Structures are given as C-alpha cells and as structure tokens.
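Participant:
Number of protein chains: 2
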Amino acid sequence: MKNRFLKAIFVIALIFAFFASCKPKNSSNAVSGDAASKVYVAPGKYDEFYNFVSGGFSGQMSVYGLPSGRMLKVIPVFSVDPESGWGFSEETKPMLNTSHGFIPWDDAHHPEMSQTNGEVDGRWVFINGNNTPRIARLDLKRFKTAEIIELPNSAGNHSSPFITENTEYVVAGTRFGVPGDYEDGDVPINTYKENYKAHISFVKVGKEGEMDIAFQLRLPAVNFDLSHAGKGKSHGWFFFSCYNSEQANTLLEVNASQKDKDFIMAVNWKKAEEYIKDGKGKKEKAKYAHNYWDEKTHSAVSEMKEDVLVLDAMELKDICYMIPCPKSPHGCDVDPSGEYIAGSGKLAALIPVFSYTKMLAAIDKKTYEGDYNGIPVLKYDAVLHGEVQKPGLGPLHTEFDGKGNAYTTMFVSSEIVKWDIKTLKVLDRVPTYYSVGHLMIPGGDSKKPFGKYMVAYNKITKDRYLPTGPELTQSAQLYDITGDKMQLLLDFPTIGEPHYAQAAPADLIRNNGQVKFYKIEENQHPYVTKGEKESKVVRNGNQVHVYMTSTRSHFAPDNIEGIRVGDEVYFHITNLEQDWDVPHGFSVKGAKTAELLIMPGETSTLKWIPEKVGTSVFYCTDFCSALHQEMQGYVRVSPKGSATPLTYSVGTNMPAVK
Amino acid sequence: MKNRFLKAIFVIALIFAFFASCKPKNSSNAVSGDAASKVYVAPGKYDEFYNFVSGGFSGQMSVYGLPSGRMLKVIPVFSVDPESGWGFSEETKPMLNTSHGFIPWDDAHHPEMSQTNGEVDGRWVFINGNNTPRIARLDLKRFKTAEIIELPNSAGNHSSPFITENTEYVVAGTRFGVPGDYEDGDVPINTYKENYKAHISFVKVGKEGEMDIAFQLRLPAVNFDLSHAGKGKSHGWFFFSCYNSEQANTLLEVNASQKDKDFIMAVNWKKAEEYIKDGKGKKEKAKYAHNYWDEKTHSAVSEMKEDVLVLDAMELKDICYMIPCPKSPHGCDVDPSGEYIAGSGKLAALIPVFSYTKMLAAIDKKTYEGDYNGIPVLKYDAVLHGEVQKPGLGPLHTEFDGKGNAYTTMFVSSEIVKWDIKTLKVLDRVPTYYSVGHLMIPGGDSKKPFGKYMVAYNKITKDRYLPTGPELTQSAQLYDITGDKMQLLLDFPTIGEPHYAQAAPADLIRNNGQVKFYKIEENQHPYVTKGEKESKVVRNGNQVHVYMTSTRSHFAPDNIEGIRVGDEVYFHITNLEQDWDVPHGFSVKGAKTAELLIMPGETSTLKWIPEKVGTSVFYCTDFCSALHQEMQGYVRVSPKGSATPLTYSVGTNMPAVK
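Structure representation (structure tokens):
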C-alpha cells in the first residue's frame, strides 16, 4: 500500500514539475485594441449566438448571449428556484420527483443540443443531473424544462447526455460503480469488484422529444466520465471514456491512478439494438421517475417506472470494445468527419487520436491485447491515428472548428492548445485564467461547427475580478478563432459552475416559433379561471380553492373572508394578460413557500396553510404597471371552527358610508 | 361607487394620452462610438464600482461591476439557494426562521449601504424583505448575509431599509395596514379604517452592525412606500412617502387613487428618542425572529423576541407631520445638502420639491391645514420649494450627482429627466427601455455622490435582448453622466428584478479587509474536524455524526459502513484548505436536500436520512484539482436493526489481495 501511495505522489509531483516548464511564454493579459468593439453589443442590438451553459452545482442551465457574455436567463432544471416558484408551486413540484421522493437540487454538467443529420437543430437542450442520476430536456420554444427522466442502476450520471446524430438517443453512463438497484446492496464496500457494476443507459428520444430508457448495458464497475457519439461514417457507434479501471473503492486519487492506461470504450449501439430486437434484453425490476410538463394544463406529471431492459455487455462480446487510453481519460471527442476520436488523459502529457477506420479493422481482425472483465481490449497501436506530442499538461476536452483544427483544454497548465487533426501538429496555444475545464465552439461537437468563437470555462478565478469574500464567481473567457492565432476578447463571470456549454446561431432559435405568451383559450388547467366574473372561492372540507385572476392592476377576488386556521388554501391564479412580458407575481405573507411568477395565459397554484388568526395580505410581486403597488388583497383568517361565512369580492367590500 | 370607478379610469386615460404627447423626441437607440471602450473592462482588469442590486422577487442581492455590467456574485439573503446550500445546511437554516417558522423566500427591494457622516462607508449593505417583513444586513468583508431581523405589526415592508447618516438606524414602514400582531385580527376587512394600523420601525444598528428594534411608531393605516433620512442640517428627521390615504381595503388601483394629494410624512426621530427616554413608549407583546451568523462557529443562531416598544404618533402630536404631496407618491428623496426633499407622485405630472427650512418654519408657526387621523397636516405651499414642471409622466424616484443636479425616473413616459435642484429647470431627458423604476448614481442618496455613472433599472424588457420564451430577463441601462447630456452606454440584463441598487468605488470595499478564507485554528464549530487524523464517525442512538475533512483530493473518511435505514446522519465537513478560492462541494445521492459548498476553513453540515438499503455515494461537487473527479466515497446502508458494525476509513478498506 505504502509503495503505491508513494508512486502516485511521485507521478503527481512529476506532472507538476513538468507543468512549471511548459507554461506558455505568451501568458500575458495582452488584449489587442479591437477586442472592445468585437464584444460590444449596442443597446437594443442582439447577440450573434445563444450560449447554453450548465450551472454545474447550481443544478440549472443559464443562457448567455455571445459575444457580449451577457446572461439572458437562468432556466430552472433540477434545483428549486424560489424566484419563479419552480419546485414550490403545486404544478412544478412533480418535475423534481424521483424514486427517492422530492429532491430540491442536483449537479448539472453537460448541456447537449438536439441534432438533425449531425447538425444542431435548435429544438431542445438536454442536460444531465449528476448526483441523483437524471436527464432533463429543455424546450427552446419556451426556454423551459419540459421533461426529466431518472436513471436506475446508476450513481453519478456524468458521461451524459451526449447524443446521436439524429437525436435517436441520449446516453448516460454511471460514474460510480454501484450494486444494481434491485440487488442486495448491503454488501461490504471492499467487495466492490465482485458486487458493484457500471451501467450505461440509452435513452430513446421521440418525435416530440419524449424520453424513454430503451436499454441499459451492464458493464464492469469502472468510472465512466465523458462520451460522444460517432457521426457520419461512425454513426451507429458511441464512445465513452472511463477511469478507475483499477476498480478501487477508496482514496481514488491514489488508487485509481495506478495504471498507465485506462480506456475509451466503443459501443456498437446498432448491434445492441439488434440484440434487443432478438430478445436478448433482460427485463429487470427497477424504480425510476419519469416527469414531464403538460403545456395544456400548465402542470407537471410524474410517473414511476417499474422495469428496465438490460443487456449484459460482458456476456454479449461484440457490443463493446475497450481502446487503451493514457491516463484517466476525461474528454472523448469525435471530429466532424466522424473518423477521429481524441482521448484526453487528464494525467497524461500527450493526446492520443484514434481512427475509426483502424478500429473497425482491428475489431474485424480481432487485434486484441486481451480482455477486461469479458470486454475485448483492442491493441493501442492498432487503433491509433497518432499522438499530439507536448500539447501541455492535463488535457481535458477537445472541440473542433470545422476547418480541420482541434482545440484542447489543458487543466494543469491552464491553456488551450490548437492542433491540426490530420498532422497532429500544435499550431497555437493561449493561456487561460485559470485551470480551464471544458471549452465550447458553437456546434463544435457536431458535424457542422459554426466556428468564429471559442469559450473557455474555467475552474479557478482568484484575482480575475473584484473580490467578493471567500466565495468567488466562476468564469468564462471568450476567444476569437477566425484567424490563425486565437485572440482573447473577454472575461465574463458566470452563475454556478460553468461546467460545459453549447451554442447556436441566434436565428436558429429565435425564428423557430418562440412562444411569447400562452393562449388563455387553450388553458386546460383544472382550476383555470378564464375571466374575472368566474373568479370564486370554494370550500371542500378543510380544502379551500381560490379561483383567482390577475390583470393590471388587481386580483379578483381581493378580499376573502371565512378562511380558518389549519385550512389547506390553494390559490389558483390565472394571469389573464395576453401580451408578451406581462407576468404577474403572487405571494402571501408568512406562507412557507416561495412566490408564484405567472406567465400571461398561465395558471399557477400556491398552497398556504394559515397558522395564525388575523389578517394576511397578498400582493403582486412583479412590477406590472403604474398601479402595480396597488395590486394587493386581504385574507381574514378566523379560528378553527369559526362560523365566519366564506365570502369573496373585489371592489365591493367597502365600509358603509357614515 | 360607479362614479368613482369612472373618474379613476378617466384620470388614467388622461395620463396615458399625455404620455403619447410627451414621449421624448430623441428616443432612438443612438449610441456614440466611444461607448464600447467606455464599458469594456479588459480581461484581468477590475471594474471601477461595486454595484449592489436587489434581486427583487428573487429575494437575494446581486453584485455587479460597473461599467462592465458583469455580475460578480449573487449573495443569498432571504431565499434558499441550492447552489450554496443556503437554507439547506444545518448551519444556515436558522437564518430563514421567522415567527411563522422557516420561510424559503422573500421579495427584496432596496439595498442601502451603511454610512458614516452621511457618506457611504463600505461596511455593510442592508436590504428589506417585503413579503414577510424583515431586514437583512450583509457583511462586505465576507459578502455574506450576517443578520436578519423580523418586523412585527407589519405587512409589506417596502419603505425600508433606509438609513440615518451615521447608521444610527435603519427604518421599515409597513406598506399594508394590518391589525397589530397581538390584537384580535379576526375582524371584517371592511372595518379597515377602525381596526387596521400602520407601523414604522426604527431599528438601532450597533457598532458591529447588530440590529435591534428600538421602537415602533403607530400610525393611521396608510400605505408607506419609500423613505429617506434627513442629512446635514436635516439630520434627526426622516421622510416617508405614503399612498392610500383613502385607507381603501379593496380594488386599490381605483379606490386608493381618489385624492389629488397623499402625503410625505416627516418624522422627528430625535423627538421620538426623547419620548422613549421619558418612558412614553409602551412595551407591547410581539413575536419576531432575530437571526445572526456567528463567524466563530460558522453557524446561524435564531432567537425569538417577545416584545416591542411602541409610540403612538397619533397621540404624541409632535413626532410626525404630514406634507401634502400629489399623487400617490413613491420616491421621497433628500438632496445631498439635506435641504430639499423631492416627492415623486407616480400619478402626477410634476415633481414637488419641499424645503426643510420652510418645513421647520411651518411647524414652528403651526401652519397647518388640519390633521390626518391626529397627525398635523402642513400647508403644501408653506413647505414647497417649488415644482418641476412637465418633467414627464409617472415620476418615481430621484437621485443626485453632487453637482446640483437631480435625476428622476419616469415610469409611464419611460425616461429619465435631469433637472436643477435650485432652479427646478429641466436640463436633459433620455429614454429608457422600458418603464424605468428606480435609478442609481453611486452614492446618489448620500451626502457625497460619486457621480460618473447613472443606472436605470427597468421594469419591462420586451424586445431588448434575444427572446427567451414567455419569461424575459429584467434589465438595467448604464449612462455616462459626466457631461451636460446623459449618454447611454450599455444595456445589461440582470437576475431577478433589479428593484433598486447602491454602488461604491471598488477600492472602498476591496481594500477594507476582504476575507479570503477562514482560519482553521479559529473554527469553533461544535463538530469541527481540524485534521484528517481526527476524522471519525460517532453513533448516538439513531443519530450518526460524521466528522469529515476535505482536502485536494479526498474526503476522510471515504468508506463508511454500519449506517442503518432511518438513521439521522449528519455529515459535518470541514474544508481543511487554507487558500483563497478552494471551496469543496459535498452531496449525497438521493438526499432530500441541496449540496454543501464549503469555504476553506469552514465546517458545514448536511443531514441525510437514508431510506433504502444499499450503497450510496458522495462526491465533491466543486472542481478542485486535476484529481477532483476522484474525490468521492461510499456509504453502506444496512437495514434497520442490522448488526453491521460502524466502521470508517480512508485508503485502507481495500479488498484482500487474491
């Protein structure tokens, strides 16, 4: 044990020593004079690109404009959002349901846009929940989370939700080996190699985007990290990086860094489909939530699934193949042609680039060096296109500009390196501030990159912005990549952790049927109130349903009496406005919940259990008109068992004139 | 009733007609060529000003840099924040406690910086919670919420937390009349005029910033809206705008807009202090939470207060005076000299400016036009310095540049108007996009404005940015005010609702003892683990306390066995790092809570009640090193009553070598 520990420390020390010697020489802050005008978007003008950035540990997704770096919206996904009532309103609560019950948070790493023919199509963005494994789909007509599906037999859904070239599937590979959900997981942790397994989920995406787990592959308990689908000639294959091929269960920083090579696993998913068709899949018990948003009722629905189809890739020998890859690979990136697969070993000092054509030939000739827990291991040299030499230290992730160039982030040496895909020659390098993780080129992981900009998403900030105490913003850096040399244009701070991102030209999304408000006549919410005259308050036992409307600048009703302590009061507010950008907000003093932020034409529900006798108040929280401040109301709360009759009104409950 | 309704509609129609005719002629998007370079802050360079912007209905406060408009941080205040664990960790939960219990949200409107001698001093920012009335104090050494105090006898704490010139007090005036908390509030709502009252709280601020309600003034149930303290010559006075002097209880958009004039109320708080000293205050029962953050234990403490001292301003005739002000006044802004008080009647088409000197003379001579529910009403003309004629429509709020100029926002006509405080002449006007609420000049409500920039915080966005579905970002606009004419420089989107803001030169804060990390030797958290060797797991009945450490790149312990279904497991994580910007995150699969984000030297606690037999995982959520991905661990959960012994380890629980 001690020896292994010392060896690992020695390796790490070596890496850091190398780091010192390979720090780029041009690591200055120099920005040429035209950068200001290149990133400035004048008031009222539009950005060129939408940039969808994961919030990382915020659990949300944020939308930026490029090149300005301005944040246009945070879309709540996996975490509750008091601002919009996400996870607090009765309609949104089911979206955060899981097999563990309601969970108010997750860790969202990788946004991936839907594709058609390998090109970004602007319909949806998928994003993974890492902690309690899930995938969400966001609808880009409404900029709203439309669906969330949980993943059984998994923990740490990291290598997700990457996508096939016609959005046939999004995938999810477990980062942590775990006992299967329906096995007896009460086993000693140090029986990891026997009792723990990894699973990869292939989630089918329907025409309207609806998700369903088509099948899972059972695999040895390595830690899957990232993935990318083949494209063009390699369509039908999927590539996953994995580390911890040691299958260590403790102190992984040492014990999962023992081997010189881990793997990129190639999955022949067309073959897997055949096996499924041939009935080789085993239907196993499982429990996972499938939640979706119903636009007609403005409400989420949560269903619990009971089984999943599993293929054992260790038994069916020709679905998966292991390609050796130095060392603890992170990125696993397929170039626009589909021929080249770049592996980024985060503890390596070179970048291996594999050839799809050579891989097929090696599989054909069974050029194996052995097997790994039943999975054939191809010979490194047989699959290798070549290695990028001395790219820097700690390669993590590569994207492409569509002009034959690749751009790889170097975490340890804090730089981005541009290299030629075919010749593997390093063409340029720029420093990043500091410790870059992923990078993003618009369309840079598709068949048709849009190029122009590259954004580095950094992990460490330190002194880059005005200090804000111990906790600092995380940060992105925008580069112009139109010339031979990369040009730093802008540092822009982000919300949460900008883990990974996608981007698309603005017109692809803004001209694609953007919804500006919801039509009130199409509202099928069971508690909708389609006009002020229909507003009412109905008691049903200790449940009280308030059918309320909001318009500039009053609620109807705005005086309510006859509520009793301990009642379950449901305020169902229908925003009657039929114009863009006229939400109303709604809150109740002392309610143990957040506000509602109700879009025009929508109905939302706030649940309140009054605990005190007296008068409570409600008001509009979203400044809606010159008389917004007057948009308020009173609720009289009487003691339990009180005989105060239930009454409600607007404008008529005036004192008698004296 | 019908007549009053029609009259109100007629008034509103007139206003909108006038709006059409007074739209500024220069309402183009024209931005002169140097704007880009004026707002560009090159990578690695610092912004000139910190801009503290309320999140409005997000309940938080955000920190921007000016002139870049880049958001540097969101500081969680009144709302839970899954990203940082605010309101989820055991340590932070007490901060959101109230007399109603734990509340996960509020509506935060007005940040106000602490002052010394009437000048911004960079120590703290106060901000109000509107919905469940509270005031928070944020510490600018740590950029963290340090204290929250609840306000009894109140609802809708809007005119808050404005400040006296040596931070003697922050104030809070209720926006809604309510029955007192300990009165019988179960009264018909239409007895509003008899049974409902307004209260204004004077909250004493101690040397370390600690808050305590010194006294409340009981007042007729008008709706207090905004306020500002006197300064210089008018130190000792406080001014509050109020609307709904009609004391209407329903359909306020009509019924609270009946009178041509409402009031600005002048409060002689030095006089109130005398009455308190003389024992005129009545100690009344009350229940309100006082929560503060203990930096030593890295934990919040919540105490429940039981009484409050009340002065009845309707009985004690010489504390408060009403100054008539047209119409439904919002802003109530005192110029840097302390002589002039600008009232902004949101339904008015002029801006009355009152004179402090004339007010004193009028009080001295009892130049009253009568009384309002026992409060003397001064004659309008006797107090008036003059009126700004035709400033635009819907004046809301005024700040000052320290050069004799005032800048007033016009909500209805969407513009900002610059005028001369003494001559009352309009000097310039610029359009805003759209419907501006508050504006902000750095130091612009203090004795020493810093000038240079003015920011408009707008209420409506529409087409100003790339569309994002029905819900749009809210927005700010930055203007250069160094010349005679205001120059629009930049539109920047904001998070939440940018209701109001403050700003200070960067050096005032960044050179004022910024905390970069917490010293581990000063950590007095009861469950601190000061070194990895001290890490342990202790069972106490069904409570299990995990004393865990985090360092790059492992947790200790990282293998835990002997946990049982239904246990209350407390993970107390101490981040042992002692460097800036090395937080670690912590999350547990399936836990019904958010992550922890633990600053260096800090201890935070995640509570988890396992519900399933099997293996759970935890990992670091904040990318901390090249081996961050390896920073993880396993917990074995056995059935209730299981005899699996409690064990814990790091690096040693390896399988026996075969």
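Taken in sequence, the protein lines are chains A and B. Heads up, the first sequence is in our numbering, so the first residue is 12 and it goes up one at a time. Heads up, the second sequence is in our numbering, so the first residue is 12 and it goes up one at a time. Where a beta carbon is used, it is the ideal one built from N, C-alpha and C, also for glycine. Since the structure is predicted, the reported quantities are computational estimates derived from the model, not experimental observations.
In chain order, which alpha helix (DSSP H) runs of at least 4 residues are fully inside the stretch 553-619 of chain B?
Facilitator: None, since the stretch 553-619 of chain B contains no complete alpha helix (DSSP H) of that length.
Participant: Cβ of A/A300 less than 8 Å from any chain B Cβ?
Facilitator: Judged by the 8 Å Cβ criterion, A/A300 is not in contact with chain B.
Participant: State yes or no: is the beta carbon of B/R229 nearer than 8 Å to at least one beta carbon in chain A?
Facilitator: No, B/R229 does not count as interfacial toward chain A.
Participant: Whole-angstrom Cβ separation of A/M665 and B/N201, contact assumed at under 8 Å?
Facilitator: Between B/N201 and A/M665 the Cβ distance is about 6 Å, and since that is below 8 Å, they are a contact.
Participant: Indicate whether at least one CB of chain A lies closer than 8 Å to the CB of B/N260.
Facilitator: Yes, B/N260 counts as interfacial toward chain A.
Participant: Using only alpha-carbon positions, find the residue among A/G354, A/L501 and A/G96 that is nearest to B/V50.
Facilitator: Looking at the Cα atoms, A/L501 is the closest of the given residues.
Participant: Between which residues of its own chain and A/G662 is the CB-CB distance below 6 Å, once the five residues before and five after are set aside?
Facilitator: None.
Participant: Hey, does A/F235 have any beta-carbon neighbour from chain B nearer than 8 Å?
Facilitator: Judged by the 8 Å Cβ criterion, A/F235 is not in contact with chain B.
Participant: B/F137 and B/A240 look like a contact to me (Cβ under 8 Å); what is the Cβ gap, rounded to whole Å?
Facilitator: Not quite, the Cβ-Cβ distance comes to about 13 Å (not below 8 Å), so this is no contact.
Participant: Using a Cβ-Cβ cutoff of less than 7 Å, which residues in the same chain neighbour B/K527 once the five nearest sequence positions on both sides are dropped?
Facilitator: Excluding positions up to five away in sequence, the list reads W591.
Participant: Might you give, ordered along the chain, the residues of its own chain that have their beta carbon closer than 6 Å to the beta carbon of A/T540, omitting 5 neighbours on each side?
Facilitator: Cβ neighbours of A/T540 beyond the five flanking positions: S546, Y558, T560 and T585.
Participant: Hey, A/A277 and A/M370 are a contact pair by Cβ (cut 8 Å); roughly how many whole angstroms apart?
Facilitator: Their Cβ separation, rounded to whole angstroms, is 6 Å, which keeps A/A277 and A/M370 in contact under 8 Å.
Participant: Is the shortest distance between the beta-carbon of B/D456 and the beta-carbons of chain A less than 8 Å?
Facilitator: Output row for B/D456: interface = no.
Participant: Got a sec: which bits of the stretch 437-451 of chain B sit with their beta carbon under 7 Å from any beta carbon on chain A, in order along the chain?
Facilitator: If the cut-off is 7 Å between Cβ atoms, the stretch 437-451 of chain B has Y444 and G448 near chain A.
Participant: Using alpha carbons as the reference points, say which of B/E606, B/S564 and B/P516 lies closest to B/M642.
Facilitator: For B/M642, the nearest C-alpha among the options comes from B/S564.
Participant: Inspect the beta-carbon positions of A/E101 and A/P78 and report whether they are closer than 8 Å.
Facilitator: Cβ atoms of A/E101 and A/P78: not closer than 8 Å.
Participant: Answer yes or no: does any C-beta atom of chain A fall closer than 8 Å to that of B/T2?
Facilitator: Only positions 12 to 669 of chain B appear in the structure, and residue 2 of chain B is not among them; the question remains open.
Participant: Taking the beta strand (DSSP E) that B/I374 belongs to, which residues open and close that run?
Facilitator: Run containing B/I374: none in the beta strand (DSSP E); it sits in the alpha helix (DSSP H), Y367 to D375.
Participant: Smallest Cα separation from A/A183: which of A/F251, A/E426 and A/L587?
Facilitator: Measuring from the Cα of A/A183, the nearest candidate turns out to be A/F251.
Participant: Between A/Y476 and A/T484, which are expected to be in contact by the criterion C-beta below 8 Å, what is the C-beta distance as a whole number of angstroms?
Facilitator: Confirmed, Cβ separation roughly 6 Å.
Participant: Between which two residues does the beta strand (DSSP E) carrying B/I334 extend?
Facilitator: Counting along the chain, the beta strand (DSSP E) containing B/I334 begins and ends at C331 to P337.
Participant: Can you have a look at A/T419 and say buried or exposed, based on whether 16 or more other CB atoms are within 10 angstroms of its CB?
Facilitator: When all chains shown are included, A/T419 counts as buried.
Participant: How would you label A/V315, buried or exposed, when you count the other beta carbons within 10 angstroms and need 16 or more for buried?
Facilitator: First, the amino acid is wrong: residue 315 of chain A is Met here, not Val. Result: exposed.
Participant: Check whether chain A comes within 8 Å of B/E482, counting only Cβ atoms and requiring the distance to be less than that.
Facilitator: By this cut-off, B/E482 is an interface position.
Participant: Beta-carbon of A/P666 versus every beta-carbon of chain B: anything under 8 Å?
Facilitator: Answer yes: the Cβ-Cβ gap between A/P666 and chain B drops below 8 Å somewhere.
Participant: Chain A beta carbons: is any one of them nearer than 8 Å to that of B/A157?
Facilitator: Closer than 8 Å: no.
Participant: Taking all protein chains shown into account, do 16 or more other C-beta atoms lie within 10 angstroms of the C-beta of B/A140, making it buried, or fewer, making it exposed?
Facilitator: Reading off the sequence shown, one finds Gly at residue 140 of chain B, where the question assumed Ala. Per the 10 Å Cβ criterion, buried.
Participant: Compute the Euclidean distance between the alpha carbons of A/Y383 and A/M333, then round it to the nearest angstrom.
Facilitator: Approximately 8 Å, taken between the alpha carbons.
Participant: Straight-line CA distance for A/G349 to A/A267?
Facilitator: Spanning the two alpha carbons is a distance of roughly 30 Å.
Participant: Use the C-beta contact count for A/D329: other C-beta atoms within 10 angstroms, 16 or more gives buried, fewer gives exposed.
Facilitator: It is exposed - the Cβ of A/D329 has fewer than 16 other Cβ atoms within 10 Å.
Participant: Under 8 Å, Cβ to Cβ, is there at least one residue of chain A near B/L11?
Facilitator: The shown model of chain B, from 12 to 669, leaves out residue 11 of chain B, and the question about it has no answer.
Participant: Would a check of beta-carbon distances place A/E101 closer than 8 Å to chain B?
Facilitator: For A/E101, the answer is no, since every Cβ of chain B falls outside 8 Å of its Cβ.
Participant: Between the Cα of B/V646 and the Cα atoms of B/Y659, B/C635 and B/V52, which residue gives the shortest distance?
Facilitator: Out of B/Y659, B/C635 and B/V52, B/Y659 has the C-alpha closest to the C-alpha of B/V646.
Participant: Ordered along the chain, which non-local residues of its own chain (more than five positions away) have a Cβ less than 8 Å from that of A/M222?
Facilitator: Hits under 8 Å: I146, R148, E158, I160, V181, V214, K215, V216 and H301.
Participant: Just reading off the beta strand (DSSP E) that B/I737 is part of, what are its end residues?
Facilitator: An answer regarding residue 737 of chain B cannot be provided, because it is not within the stretch 12 to 669 covered by chain B.
Participant: Throw me the rounded Cβ distance for the B/I362 and B/V399 pair, which I believe falls under 8 Å.
Facilitator: About 4 Å; that satisfies the 8 Å criterion.
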